């Protein structure tokens, strides 16, 4: 019995010694909480030898200037960490990465210009994140992608000029967002945020303090319903032409896909090719010439690239062959959002060509005309068939799904098919 008493006493003494002198450690065992309060102690660093079973650590109102990978090492049960009103200007990578049980993190009222955003990937239990009253200039798009339980996010009183569309898409339980008192650049990059604030169920207090700092003509205006931004989603149209003049297109032809887009600001053209089991992405021109003048000498000139993308958005496919069959997607992107349209390019020698072509004809022919089977091209003829497929396009608005019709020419042989391309417009 005396031995048992001595062991218990030794354990209690060891536990008491584990608490730094500058802190007050309290155990509330009924709630499985172990609190270490080290606030108002004129500390310049995080104390060492904190109890490993600490669930709440308060270090507020001190003079801590930096945090590192070992600052909270061993605190495997930590659920609440309060560091508000310090002088923290540097937070090293990995500082919070091992604190998986953390639910509340408060770093407000410090001097941070940057933050180890990727540490948040492991904090999947986080419910409250306060980074307000710092000097943060940016928030990465994927910063909160794993914070499925986040309810309250404070980013106010920083130096944020923009927030990227989709930043809050992975936070289904977010109910409070503080973003006021930031110097937002009210270009078309924040057009989505304006719409989101107006329509979202997430509370954004102090809306009158969510203001534009630039451009000059919008400085001081509230980012709200009455702010008029001269922005519009892209509209995109795709047409094609061949280097051959007759109606029979052979293996080895040259094909030009012409993509035109309008919007405010002027959209950039990007291409994606899915052919031969692989995907090729081309995010800008790789040829200096204009596509409209390229076809004249296409058959005689050797091209350094197989897929040529020009400054005007056109794409040329030189020496088109069966290996090039696939889906060609033109995407128009600007600060407001994006739209895309795709064509499926195939040679008549492909498998199921006649079946696909017949379905395409039946789906797209005018009602007052008939289309007989003998009008189909002969199987030995090598022609290029282009038919359009609906594609979902991501945009930044929030008025549901819009379908916009485009009419396209579709075939080179004795038939002329007209297919309606329907572009999706998703507005969150």
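In our numbering, the protein residues as written are 630 to 1057. By construction, the Cβ of each residue, glycine as well, lies at the ideal position given by its N, Cα and C atoms. The model shown is predicted, which means the values in this text are computed figures rather than measured ones.
Within the same chain, no residue comes within 6 Å of residue 767 by CB-CB distance, once the 5 residues on both sides are set aside. Here the alpha carbons of residue 690 and residue 851 stand approximately 33 Å from one another. With respect to residue 764, residue 787 sits close: the two C-beta atoms are nearer than 9 Å.
Ranking 842, 814, 807 by CA distance to the CA of residue 826 puts 807 first. Comparing C-alpha distances from residue 699 to each of 680, 684, 723, 708 shows the shortest one belongs to 723.
Residue environment for residue 961: buried (at least 16 other C-beta atoms within 10 angstroms of its C-beta). When the five nearest sequence neighbours on each side are left out, the beta carbons in the same chain lying within less than 6 Å of the beta carbon of residue 888 are those of 867, 898, 942, 959, in order along the chain. Residue 796 places its beta carbon 9 Å or farther from that of residue 814. DSSP, reduced to helix, strand and coil, places residue 941 outside both helices and strands of the structure shown, so it counts as coil.
Counting along the chain, residue 828 sits inside the alpha helix (DSSP H) bounded by residues 820 to 828. Around the beta carbon of residue 821, 16 or more other beta carbons lie within 10 angstroms, which makes this residue buried. Spatial neighbours of residue 648 in its own chain (CB-CB distance under 7 Å, excluding positions within 5 residues in sequence) are listed in chain order as 654, 665, 680. The three-state secondary structure of residue 903, taken from DSSP, is strand. Taking 4 residues as the shortest admissible run, the region 734 to 816 contains no complete alpha helix (DSSP H) segment at all.
For residue 843, the uninterrupted beta strand (DSSP E) run begins and ends at 841 to 843, by DSSP. Residue range 662 to 666 is occupied by the beta strand (DSSP E) that includes residue 663. Residue 843 and residue 708 have their C-alpha atoms some 40 Å from each other. The Cβ atoms of residue 759 and residue 781 sit closer than 9 Å to each other.
With respect to the C-alpha of residue 893, the residue from 884, 912, 858 having the closest C-alpha is 858. Rounded to whole angstroms, the Cβ separation of residue 685 and residue 717 is 19 Å, and the two are not in contact under 8 Å.
The beta-carbon separation of residue 804 and residue 831, rounded to 6 Å, stays under the 8 Å limit for a contact. In the structure shown, the three-state DSSP call for residue 847 is helix.
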